[in-house]
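K.L.:
For the record, the sequence lines run as chains A and B.
Counting in the UniProt record's numbering, the first sequence tops out at residue 345, every number present.
Counting in the UniProt record's numbering, the second sequence tops out at residue 345, every number present.
Protein chains: 2
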Amino acid sequence: MTVTIKDVAKKAGVSPSTVSRVLSGHPRISLETSRKVKVIMEEMGYTPNMMAKSLVSKTTNSICIILPKPAEELFSNLFFMELIRGIVTQSSRSGYDVLISSGANEKEELESVSRLLKGRRVDGVILLYSRKDDAVIDFLESGGYPFVLVGRSDRYENILSVDNDNIMAAYDATNHLISMGHERIGFVSGPPNLIVSRDRLEGYRKAMEKNGLEMRAEWIVEGEFLQDSGYRAMSFFMNLPNRPTALVAVDDMVSFGVLRGLNELKYKVPEDLAIVSFNNIPLSELSSPPISSIDIGIYHLGYTASQVLIQSIQKPDNHDGYTNRFVIPHRLIVRESSMYSPVKK
Amino acid sequence: MTVTIKDVAKKAGVSPSTVSRVLSGHPRISLETSRKVKVIMEEMGYTPNMMAKSLVSKTTNSICIILPKPAEELFSNLFFMELIRGIVTQSSRSGYDVLISSGANEKEELESVSRLLKGRRVDGVILLYSRKDDAVIDFLESGGYPFVLVGRSDRYENILSVDNDNIMAAYDATNHLISMGHERIGFVSGPPNLIVSRDRLEGYRKAMEKNGLEMRAEWIVEGEFLQDSGYRAMSFFMNLPNRPTALVAVDDMVSFGVLRGLNELKYKVPEDLAIVSFNNIPLSELSSPPISSIDIGIYHLGYTASQVLIQSIQKPDNHDGYTNRFVIPHRLIVRESSMYSPVKK
DNA sequence: CCTCCTTATGGAACCGTTTGCTTTACTCTG
DNA sequence: CAGAGTAAAGCAAACGGTTCCATAAGGAGG
Numbered sequence: 001m002t003v004t005i006k007d008v009a010k011k012a013g014v015s016p017s018t019v020s021r022v023l024s025g026h027p028r029i030s031l032e033t034s035r036k037v038k039v040i041m042e043e044m045g046y047t048p049n050m051m052a053k054s055l056v057s058k059t060t061n062s063i064c065i066i067l068p069k070p071a072e073e074l075f076s077n078l079f080f081m082e083l084i085r086g087i088v089t090q091s092s093r094s095g096y097d098v099l100i101s102s103g104a105n106e107k108e109e110l111e112s113v114s115r116l117l118k119g120r121r122v123d124g125v126i127l128l129y130s131r132k133d134d135a136v137i138d139f140l141e142s143g144g145y146p147f148v149l150v151g152r153s154d155r156y157e158n159i160l161s162v163d164n165d166n167i168m169a170a171y172d173a174t175n176h177l178i179s180m181g182h183e184r185i186g187f188v189s190g191p192p193n194l195i196v197s198r199d200r201l202e203g204y205r206k207a208m209e210k211n212g213l214e215m216r217a218e219w220i221v222e223g224e225f226l227q228d229s230g231y232r233a234m235s236f237f238m239n240l241p242n243r244p245t246a247l248v249a250v251d252d253m254v255s256f257g258v259l260r261g262l263n264e265l266k267y268k269v270p271e272d273l274a275i276v277s278f279n280n281i282p283l284s285e286l287s288s289p290p291i292s293s294i295d296i297g298i299y300h301l302g303y304t305a306s307q308v309l310i311q312s313i314q315k316p317d318n319h320d321g322y323t324n325r326f327v328i329p330h331r332l333i334v335r336e337s338s339m340y341s342p343v344k345k
Numbered sequence: 001m002t003v004t005i006k007d008v009a010k011k012a013g014v015s016p017s018t019v020s021r022v023l024s025g026h027p028r029i030s031l032e033t034s035r036k037v038k039v040i041m042e043e044m045g046y047t048p049n050m051m052a053k054s055l056v057s058k059t060t061n062s063i064c065i066i067l068p069k070p071a072e073e074l075f076s077n078l079f080f081m082e083l084i085r086g087i088v089t090q091s092s093r094s095g096y097d098v099l100i101s102s103g104a105n106e107k108e109e110l111e112s113v114s115r116l117l118k119g120r121r122v123d124g125v126i127l128l129y130s131r132k133d134d135a136v137i138d139f140l141e142s143g144g145y146p147f148v149l150v151g152r153s154d155r156y157e158n159i160l161s162v163d164n165d166n167i168m169a170a171y172d173a174t175n176h177l178i179s180m181g182h183e184r185i186g187f188v189s190g191p192p193n194l195i196v197s198r199d200r201l202e203g204y205r206k207a208m209e210k211n212g213l214e215m216r217a218e219w220i221v222e223g224e225f226l227q228d229s230g231y232r233a234m235s236f237f238m239n240l241p242n243r244p245t246a247l248v249a250v251d252d253m254v255s256f257g258v259l260r261g262l263n264e265l266k267y268k269v270p271e272d273l274a275i276v277s278f279n280n281i282p283l284s285e286l287s288s289p290p291i292s293s294i295d296i297g298i299y300h301l302g303y304t305a306s307q308v309l310i311q312s313i314q315k316p317d318n319h320d321g322y323t324n325r326f327v328i329p330h331r332l333i334v335r336e337s338s339m340y341s342p343v344k345k
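1) So, are the CB atoms of B:D138 and B:R152 less than 8 angstroms apart?
2) A:F236 lies in the alpha helix (DSSP H); which residues open and close that run?
3) Using C-beta distances below 6 angstroms, list every residue in its chain close to A:G186, excluding the 5 sequence neighbours before and after it, in chain order.
4) Check whether the Cβ atoms of A:S17 and A:I66 lie closer than 8 angstroms to each other.
5) Quick check on the burial criterion: 16 or more other C-beta atoms within 10 angstroms. Buried or exposed for B:V56?
6) Between the Cα of B:E157 and the Cα atoms of B:P27, B:N324, B:Q90, which residue gives the shortest distance?
7) Which whole-angstrom value is the C-beta distance of A:S337 and A:A274, which I expect to be below 8 angstroms?
8) Pick from A:D134, A:R205, A:P146: whose alpha carbon is nearest that of A:N166?
9) Does any CB atom of chain A fall closer than 8 angstroms to the CB of B:G119?
10) With 16 as the cutoff for other CB atoms within 10 Å, does A:S341 come out buried or exposed?
11) Check each candidate in B:A305, B:V327, B:R335, B:S312 and name the one with the smallest Cα separation from B:V88.
12) I'd like the list of long-range same chain contacts for B:L301, defined as Cβ closer than 8 angstroms, with 5 residues on each side in sequence excluded.
13) I'd like to know whether the C-beta atoms of A:S277 and A:D252 end up nearer to each other than 8 angstroms.
14) Residues of the region 120-151 of chain B with a CB closer than 7 angstroms to any CB of chain A: list them in chain order, please.
15) Grab me the residues of B:A170's own chain with a C-beta within less than 6 angstroms of its C-beta, minus the 5 sequence neighbours each way, in chain order.
16) Just to confirm my understanding: we take A:E32, look at its own chain, exclude 5 residues before and 5 after, and list those with CB closer than 7 angstroms. What are they?
17) If you draw a straight line from the C-alpha of B:I195 to the C-alpha of B:D134, how long is it?
18) Determine the closest residue to B:Y173 out of B:G13, B:L332, B:T2, B:L116, with distance taken between C-alpha atoms.
19) If B:V22 sits next to B:K38, beta carbons under 8 angstroms apart, how far is it from one beta carbon to the other, in whole angstroms?
20) Using alpha carbons as the reference points, say which of B:T47, B:R121, B:I40 lies closest to A:K53.
21) Which residues in chain A sit within 9 angstroms of B:T245, going by Cβ to Cβ distance?
22) Confirm, please, whether the CB-CB distance from A:I313 to A:D97 is below 8 angstroms.
23) So, helix, strand or coil for A:D252, using DSSP?
24) Anything in chain B within Cβ reach of A:K278, meaning under 9 angstroms, just list it in chain order.
25) For B:F80, return the contacting residues in chain A, with the cut-off set at a CB-CB distance below 8 angstroms.
26) Run through DSSP, which three-state label would A:E264 get?
27) With DSSP collapsed to three states, give me the class of B:D295.
28) If the cut is a Cβ gap below 9 angstroms, which residues of chain A does B:I84 touch?
29) If you draw a straight line from the C-alpha of B:P191 to the C-alpha of B:E224, how long is it?
30) In whole angstroms, give me the CA-to-CA distance for A:S288 and B:L259.
31) What is the DSSP secondary structure of A:A305, reduced to helix, strand or coil?
32) On the DSSP bridge assignment, give the partners of A:L247 in chain order.
33) Thinking just about the alpha-carbon of each residue, which of A:K36, A:Y46, A:S112 is nearest to the one in B:M50?
34) Quick one: what's A:I87 bridged to in DSSP?
35) Does any residue of chain A bring its CB to less than 8 angstroms from the CB of B:A233?
36) Buried or exposed for A:R232, please, with buried defined as at least 16 other CB atoms from any protein chain shown within 10 angstroms of its CB.
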């Protein structure tokens, strides 16, 4: 049988309350008793029952990650795994356990979250996406449950969120190309309904504008976060009369598509087309040539999300109402794909 | 305040026990009462408190995944994420929640597992690795806790595990090359202390032997599950006087390295060297040329692990002592990298 | 020397469920 | 019509902790 607090108490010749107090470091316990009890706990191999603890304390010391449903793609998987690592590491340091949940659809997701939170199985939630409207967010907000969003939502202004400054990141990426001497720079964007696509596009625009460079509509192509989009964008760009000498792609996968296409057509990177993209997945440095990429600090994103959430769980009142958006720094990793200055005409 | 079973009972004019029985579908509750109570539960937005439930039932309806510590590599991340998806999906179908845990080192891992299991926070554990000796496994076994291993351990014969038949998989891969007409086939192995490396090597051996093909020691190279190993193996093979016309690589990443090397030296795949590898990561079909690979059904591996574990939790006695190793089928995905029959001399 | 604190501990209620044992009120049977 | 049998629901004791309140012992102050 499992050894309980009562067993320890009996053996130590004290009351259960005393044992409990020893456990929680209560000030009014004599050193002598404390030592004695601790020895006996060790001897008997006592481990506190978390359920009983949770029942009375109304706190579980665990949080929950909501995993989006489909996310079959390569990057999503890498992204989520890295994020999870960050979350789990930090949570574990703060003494929290992490639960993973996902549902086949939004309704299931909502049910699951509701069950976990109302059923007092977790203390808070990390949401790993930024959909535009969201029943789950509504539920969390109206229920007053602690949660943080990884990503950004423009509909909900004052909720806790952890994100990159994608506008700035794209600005930096574009600027890097400009500083290498490029003037005709293309942009391969992602789905326009994603905030990240829009932000990165805006950053590109800003950089071009700031530097007084021409911006042609035909230099901006919309796509997915997939190789194919890159492949298609590439062939479109390369057939343009006055084609770009460089491009910024919203995602490394897109770059791979571009690379593959250019390779087939015997173009050279970065001489014929310089490339910078985002996310810096492990493969970026392994392709030929290695791709310059903006590292968005995924692990750090997760780590911070956990920190923010747990903080908000422990002192819900501490929220100042201002700093609810946490920005994780990005950094540009320059590799071969952009190490070339075009010859000026 | 949260609404409890007592609140519902009071409002419905019945006793808490009756409400509880309605909840669990007890046979001796009249239809009338049952309906009435259900309506009131709905009205009041009642959600059972899992902690209280767990406390009395001594069961948590949740399992825990132990994530290995470093696993910085690309494949590991893809592998784990896919596995987690499988586990989470199946667990959720069985009404179980999934906890993720990891520790910085084996000691921390053990502490964590011990706390979770002895503290009654989870009912069972899925181990995602197959180290040779393992304090965690020892703890789980001696404590009689339900757990399953993803992977194979040869030291522990009678524990539940879910795995591929890597010997057969390698046999199939090799056989495929043989049936295409190859006779000189190389093998790039992984670290020799990993069971998966040894199994795959053995499968290769078996296939060669069975077909009466010559096996030269120089055709077998040891490496890591990394591009670099492939790159090095490639240059070694290609410099051999009577070089292989095909090779089997333990991992797709290795193939990528081989591919990169061959590309640099202007060799053609599959004409100069045909390639088959393992794991069928999403990138395999995107490289040029796409790589033939053995799909090991990672998602399925996770799905089954969860199934087996939950089964073992629910009826621990049902274990027949024979079928404790569950084998997930693999399948060969033939792509361009092996679609070529060498010209016989 | 008695009262009043202070300090260390014990007692008991409670957290929200489940469940074995009763109790109650019928219905059936001989 | 009495006794047995049965269906439906209630009572109360757990489950393993925490914590408020009470208590006992010892020391200080008057």
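We treat Cβ as the ideally placed atom computed from N, Cα and C, and that holds for glycine.
These numbers come from a predicted model, not from an experiment.
P.N.:
Based on what the coordinates show:
1) Taking the C-beta atoms as reference points, B:R152 is found no nearer than 8 angstroms to B:D138.
2) 227-238 is the extent of the alpha helix (DSSP H) around A:F236.
3) Contacts found: W219, F237, P244, L247.
4) no
5) exposed
6) With distances taken between Cα atoms, B:E157 lies closest to B:N324.
7) 6 angstroms
8) A:R205
9) Interface residue, yes.
10) exposed
11) B:A305
12) L83, G86, V150, V162, D163, N164, I328
13) Yes, these two residues count as a Cβ contact at 8 angstroms.
14) R120, R121
15) So the qualifying residues of the chain are R200, G203, Y204.
16) none
17) 15 angstroms
18) The sequence shown places Ala at residue 173 of chain B, rather than the Tyr named in the question. Of the candidates B:G13, B:L332, B:T2, B:L116, the one whose C-alpha sits nearest the C-alpha of B:A173 is B:L332.
19) Right, the Cβ-Cβ distance comes to about 7 angstroms (below 8 angstroms), so this counts as a contact.
20) It is B:R121 whose Cα lies nearest to the Cα of A:K53.
21) Per Cβ cutoff of 9 angstroms: no residues; B:T245 is ~24 angstroms from chain A at best.
22) For the pair A:D97 and A:I313, the CB atoms are not nearer than the 8 angstroms cut-off.
23) helix
24) First, the amino acid is wrong: residue 278 of chain A is Phe here, not Lys. Under the 9 angstroms cutoff, chain B gives no residues; its nearest Cβ is about 17 angstroms from A:F278.
25) M81
26) helix
27) Residue state, collapsed to three classes: strand.
28) L67, F80, M81, I84, I100
29) Here the C-alpha atom of B:P191 lies approximately 6 angstroms from the C-alpha atom of B:E224.
30) 11 angstroms
31) helix
32) A:G186, A:I275
33) A:S112
34) Paired residue(s): none; A:I87 is not in a bridge.
35) no
36) Label assigned to A:R232: buried.
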